[in-house]
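Under the working numbering, the residues of the sequence shown are numbered 421 to 700, in order.
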Amino acid sequence: MKIYIDGKFYDKEDAKISVFDHGFLYGDGVFEGIRAYNGKIFGMDEHIDRIFASAQYIKLQIPMTKEEIKEALYKTLEANALKDAYVRLVVSRGVGDLGLDPRKCPKPTVIIIATYWGAMYGDLYSKGIKVITASTRRIPPQCLDVKAKTLNYLNNILAKIETFDVRADEALMLDVDGFVSEGTGDNIFVVKGGKILTPSAGSSMLLGITRKAVMDIAKNLNIEVEERKLTLLEVYNADETFMTGTAAEIIPIREVDGRKIKSCPGEITMKIIEEFKKIR
Ligand SMILES: Cc1ncc(COP(=O)(O)O)c(C=O)c1O
Numbered sequence: 421m422k423i424y425i426d427g428k429f430y431d432k433e434d435a436k437i438s439v440f441d442h443g444f445l446y447g448d449g450v451f452e453g454i455r456a457y458n459g460k461i462f463g464m465d466e467h468i469d470r471i472f473a474s475a476q477y478i479k480l481q482i483p484m485t486k487e488e489i490k491e492a493l494y495k496t497l498e499a500n501a502l503k504d505a506y507v508r509l510v511v512s513r514g515v516g517d518l519g520l521d522p523r524k525c526p527k528p529t530v531i532i533i534a535t536y537w538g539a540m541y542g543d544l545y546s547k548g549i550k551v552i553t554a555s556t557r558r559i560p561p562q563c564l565d566v567k568a569k570t571l572n573y574l575n576n577i578l579a580k581i582e583t584f585d586v587r588a589d590e591a592l593m594l595d596v597d598g599f600v601s602e603g604t605g606d607n608i609f610v611v612k613g614g615k616i617l618t619p620s621a622g623s624s625m626l627l628g629i630t631r632k633a634v635m636d637i638a639k640n641l642n643i644e645v646e647e648r649k650l651t652l653l654e655v656y657n658a659d660e661t662f663m664t665g666t667a668a669e670i671i672p673i674r675e676v677d678g679r680k681i682k683s684c685p686g687e688i689t690m691k692i693i694e695e696f697k698k699i700r
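Shown next as structure tokens:
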């Protein structure tokens, strides 16, 4: 396995960063989770635009151009002889001192890891996953805008931990007002009466690239998509519900908080999965 760090490739054992890197000390940095299918990176421009937007939000200057990053991503796939891969792009604040001050970190660290990662949920794509609502609420934009994909994922990790004792596959997070936000690493969709509903762009959630792809697919299939505030009652009473993300792709949900979902995998979910397989 060859890992890209600041323009050079290292074997996995030698791929190391300083303990003074603020990405490690403070979660100060940004990242992207990307998939390549058959040698082509899915949603390349969207991922690159999003990491630059996240970096701009935290006032971090990525030390490469968008084109240079794209090239480095493909070089990493090549170095690992991978055509189908999960690719992690990380840009951390870089090495500084023990204080918070990011001005003490003159050079951001750029890391790219590419690995084979098949279907994240294994055989559950035909059965659906069990979801619980986490008591941990999604961070509101007054505190930190989670539309920036930063290295600070403790909010999501706390929600994920809640799934362990109850043996759920994923946690659904609500915003501070109690409206449905997203999963710990995926967006949520509900199908009701032939129509697709999903939390609106203004919600406390990451604007997923898979979410956008699914919305485009639905529109091409002439299925109406409405973005608005969603409540748990609507999720429990969905005809179908599923989550989307780069790692999870499109995963049907069979149960939420002990409520069985009417249809899993539902007809519309299956149609969307079929179309997604064609474009990825
Ligand atoms: C919190 C969160 N929500 C949603 C998603 C799904 O986004 P995407 O489809 O761009 O992978 C991710 C994964 O990147 C995520 O970390």
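Ideal Cβ positions, reconstructed from N, Cα and C, are used throughout, including at glycine.
- Of all alpha-carbon atoms in 511, 513, 494, the one lying nearest the alpha-carbon of residue 504 is that of 494.
- For residue 617, the uninterrupted beta strand (DSSP E) run begins and ends at 615–618, by DSSP.
- Relative to ligand 1, the beta carbon of residue 553 is positioned no closer than 7 Å to any heavy atom.
- Residue 458 counts as exposed, since fewer than 16 other beta carbons sit within 10 angstroms of its beta carbon.
- Between the alpha carbons of residue 549 and residue 517 lies a distance of about 44 Å.
- Secondary-structure assignment with DSSP links residue 430 through a beta bridge to 423.
- According to the DSSP assignment, residue 438 belongs to no alpha helix (DSSP H), since it is labelled neither H nor E.
- When the Cα atoms are used, residue 620 and residue 648 turn out to be separated by approximately 4 Å.
- Residue 643 and residue 686 have their C-alpha atoms roughly 14 Å apart.
- Burial check for residue 601: the Cβ neighbour count within 10 Å reaches 16 or more, so the residue is buried.
- In this structure, DSSP gives residue 625 a state outside helix and strand, which the three-state scheme calls coil.
- In terms of Cβ geometry, residue 424 and residue 531 form a close pair [threshold 8 Å].
- By the criterion of a C-beta distance shorter than 6 Å, residue 520 is surrounded by no residue of its chain, once the five residues flanking it on both sides are discounted.
- Non-local C-beta neighbours of residue 429 in its own chain, meaning closer than 6 Å and more than five positions away in sequence, comprise 422, 499, ordered along the chain.
- Secondary structure of residue 558 (DSSP, three-state): coil.
- Its Cα nearest to that of residue 438, the residue 513 stands out among 563, 541, 513, 598.
- Beyond the five residues adjoining it in sequence on each side, residue 641 comes within less than 8 Å, by CB distance, of 691, 692, 695 in the same chain, given in chain order.
- Going by C-alpha positions, residue 617 is about 8 Å away from residue 650.
- Just measuring C-alpha positions, the residue of 656, 626, 657 sitting nearest residue 451 is 626.
- When C-alpha distances from residue 612 are compared across 646, 631, 639, 623, the shortest belongs to 646.
- Between residue 560 and residue 624 the beta-carbon gap is near 5 Å, inside 8 Å, which marks them as a contact.
- Under the criterion of beta carbons closer than 8 Å, residue 496 and residue 534 qualify as touching, at roughly 5 Å.
- Contact between the stretch 628–637 and the stretch 578–589 is absent, with fewer than three C-beta pairs closer than 8 Å.
- Distances from the CB of residue 569 to the heavy atoms of ligand 1 include at least one below 7 Å.
- The beta carbon of residue 582 is closer than 6 Å to those of 554, 591 in its chain, skipping five residues each way along the sequence.
- For residue 609, there is no enclosing alpha helix (DSSP H); the enclosing beta strand (DSSP E) has its first and last residue at 607–612.
- Shown here, residue 698 sits in a helix according to DSSP, grouped into three states.
- Between residue 463 and residue 671, the C-beta gap is not smaller than 8 Å, which leaves the two residues out of contact.
- Taking a C-beta distance under 8 Å as the contact criterion, residue 661 and residue 688 do not qualify as a contact pair.
- Assigned with DSSP and collapsed to three states, residue 591 falls in strand.
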